[in-house]
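Peer 1: Residue numbers (this note's numbering): 8 to 382.
For reference, the structure I am asking about is given below.
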Ligand SMILES: *Cc1c(COP(=O)(O)O)cnc(C)c1O
């Protein structure tokens with residue numbers, strides 16, 4: 008059986024180092040905000056070229072902390088796409104604001120800058136909500152179109168909160184995610200490109216004031232005196248043990264990003280003759296970290312079943328665009344509102360992927376796939 012994500016191959020590579028790191032934590036006993044947390048934050052900043060990193064409990068809380076730092080709340084509009092993991096929009100709703108969905112580009116699956124411009128103008132004209140910010144998602148590991156998005160944000164005085172839960176270390180014009188937004192977030196959920204062995208996340212910013220506010224929010228809105236809280240916050244720290252594990256994962260992550268390019272390149276090559284499929288589009292100036300290798304395929308559900316019967320696991324990210332999810336029925340959207348997202352949710356299929364996917368497994372996957380679509 009081919010694993011969908013081979014986390015075990017990675018573990019075998021780093022097991023002794025991870026064990027040694029965990030033993031150190033067990034010995035010093037500083038399970039909350041131990042020295043590994045600060046060390047990790049420094050290394051993460053170095054890796055992507057950011058000034059401040061505040062590690063935290065998960066990628067969802069990272070988004071919530073950022074929105075809280077901006078004081079986003081009821082009556083505010085925040086723009087994002089319906090073709091993402093639920094948490095992106097959920098964070099907006101959790102702080103009481105309204106997510107305004109904007110359709111995606113059909114090639115990159117990322118937010119469509121022209122559609123964004125129209126949505127902002129319409130929302131301003133309607134005059135009911137105050138336009139506050141944009142959450143572009145670097146979906147499947149590919150940076151969003153920041154050269155187009157940032158000027159729109161500037162023109163309309165919107166913050167850009169980059170959701171790079173799937174794209175830590177991806178690149179656009181030689182710069183790494185998540186450094187494109189005023190604040191960037193990531194997730195260390197085990198299945199993400201850089202994952203820990205539990206929940207984890209981080210926010211990044213070059214803005215010292217925002218960093219200080221988020222650091223306070225991370226621990227119950229603490230002030231300089233631990234028992235004089237200055238605002239409402241969360242309990243959103245990253246465990247020391249997870250930081251220790253991440254230090255060893257980060258040490259090999261640069262190399263793994265290159266392995267990800269090789270594995271993706273091999274898929275694209277092997278599938279190039281199968282005209283019914285479309286493989287991921289990566290713009291020339293970008294480097295994806297391939298959180299998913301997602302193809303578009305007609306009769307997707309039939310193909311998925313054939314692959315399943317052949318022992319090849321695949322996943323659908325995402326089967327329901329968020330505007331059609333039950334939790335957002337009150338927003339009053341219907342089928343047809345975001346046609347690109349809706350079409351992708353019917354055709355998209357993520358293939359098994361990890362830096363350690365074996366060449367012979369990959370060949371078998373592509374053979375089965377080619378046979379299935381031509382049958
Ligand atoms: C995984 C993910 C999140 C949430 O991260 P968690 O660590 O699971 O809370 C947010 N946004 C996107 C795009 C994600 O893929």
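Ideal Cβ placement from N, Cα and C applies to all residues, glycine included.
Since the model is a prediction, treat every value here as computed from it, not as a measurement.
1. What beta strand (DSSP E) runs, 3 residues minimum, are completely inside the segment 191 to 275?
2. The alpha helix (DSSP H) spanning residue 5 covers which residue range?
3. Thinking C-alpha only, which one of 109, 294, 381, 245 is nearest residue 281?
4. Examine the Cβ distances between the segment 61 to 68 and the segment 196 to 210 and report whether three or more of them are shorter than 8 Å.
5. Does ligand 1 have a heavy atom nearer than 6 Å to the CB of residue 249?
6. For residue 284, I'd like the list of residues in its chain whose CB is within less than 8 Å of its CB, leaving aside the five on either flank, ordered along the chain.
7. Along the chain, where does the beta strand (DSSP E) containing residue 170 start, and where does it finish?
8. How many Å lie between residue 328 and residue 118 at the Cα?
9. Let me know the secondary structure DSSP gives residue 347 once reduced to three states.
10. Taking residue 18 as the reference, give the member of 202, 85, 129, 40 with the closest Cα.
11. In whole angstroms, what is the alpha-carbon distance linking residue 128 and residue 72?
12. Could you give the DSSP three-state label for residue 138: helix, strand or coil?
13. Run through the DSSP bridge pairs and tell me what residue 175 is partnered with.
14. Can you tell me whether residue 294 is buried or exposed, with buried defined as 16 or more other CB within 10 angstroms of its CB?
15. Does the separation of the CB atoms of residue 87 and residue 95 fall below 7 Å?
16. Leaving out five residues on either side along the sequence, give the residues of the same chain with a beta carbon under 7 Å from the beta carbon of residue 317.
17. What does a CB cutoff of less than 7 Å around residue 101 pick up in its chain, not counting 5 residues either side in sequence?
18. How many Å lie between residue 149 and residue 178 at the Cα?
19. Less than 7 Å between the beta carbons of residue 235 and residue 65, yes or no?
20. Return the first residue and the last residue of the alpha helix (DSSP H) that residue 64 is part of.
21. Alpha carbons only, please: which of 344, 378, 363, 326 is nearest the one belonging to residue 355?
22. Just to confirm the assignment, what range does the alpha helix (DSSP H) spanning residue 153 have?
23. Residue 44 to residue 249, Cα distance in whole Å?
24. By the DSSP assignment, the alpha helix (DSSP H) with residue 390 in it spans what residues?
25. Please report how far the alpha carbon of residue 188 lies from the alpha carbon of residue 168, in whole angstroms.
26. Taking DSSP as the reference, what is the three-state secondary structure of residue 364?
27. For residue 349, which residues of its own chain have a beta-carbon under 8 Å away from its beta-carbon, when the five flanking residues on both sides are left out?
28. Got a sec: does ligand 1 put a non-hydrogen atom nearer than 6 Å to the Cβ of residue 198?
29. Determine the burial state of residue 215: buried for a count of at least 16 other Cβ atoms within 10 Å of its Cβ, exposed for fewer.
Peer 2: According to the structure shown:
1. Qualifying beta strand (DSSP E) stretches, in chain order: 208 to 212.
2. Since the first residue of the chain shown is 8 and the last is 382, residue 5 is not available in this structure.
3. Looking at the Cα atoms, 381 is the closest of the given residues.
4. Of all C-beta pairs linking the segment 61 to 68 to the segment 196 to 210, three or more are shorter than 8 Å, placing the two stretches in contact.
5. It does not: the Cβ of residue 249 is nowhere closer than 6 Å to a heavy atom of ligand 1.
6. Exclusion of the five residues before and after residue 284 leaves 278, 302, 303, 304, 376, 380 as the residues of its chain whose Cβ lies within less than 8 Å of its Cβ.
7. Bounds of the beta strand (DSSP E) holding residue 170 are 166 to 170.
8. CA-to-CA, the gap between residue 328 and residue 118 works out to about 13 Å.
9. Correct three-state label for residue 347: helix.
10. Nearest C-alpha to residue 18: 202.
11. C-alpha separation (whole angstroms): 27 Å.
12. In the structure shown, residue 138 sits in a strand (DSSP, three-state: E or B).
13. In the DSSP assignment, residue 175 forms no beta bridge with any residue.
14. Buried.
15. Judged by their CB atoms, residue 87 and residue 95 are nearer to each other than the 7 Å cut-off.
16. These residues qualify, in order along the chain: 375.
17. Excluding sequence neighbours, residue 101 sits near 71.
18. Their backbone Cα atoms lie some 8 Å apart in a straight line.
19. Taking 7 Å as the cut-off, the beta carbon of residue 235 is found no closer than this to the beta carbon of residue 65.
20. For residue 64, there is no enclosing alpha helix (DSSP H), as DSSP marks it with neither H nor E.
21. For the set 344, 378, 363, 326, the Cα lying nearest the Cα of residue 355 is the one of 326.
22. 153 to 162 is the extent of the alpha helix (DSSP H) around residue 153.
23. Rounded to the nearest whole angstrom, the C-alpha separation of residue 44 and residue 249 is 9 Å.
24. Any answer about residue 390 is impossible in this case: the structure gives the chain only from 8 up to 382.
25. About 5 Å.
26. Reduced to three states, the DSSP call for residue 364 is coil.
27. Around residue 349: 328, 331, 342, 343.
28. Every heavy atom of ligand 1 is 6 Å or more from the Cβ of residue 198, so no.
29. Taking every protein chain shown into account, the CB of residue 215 has fewer than 16 other CB atoms within 10 angstroms, so this residue is exposed.
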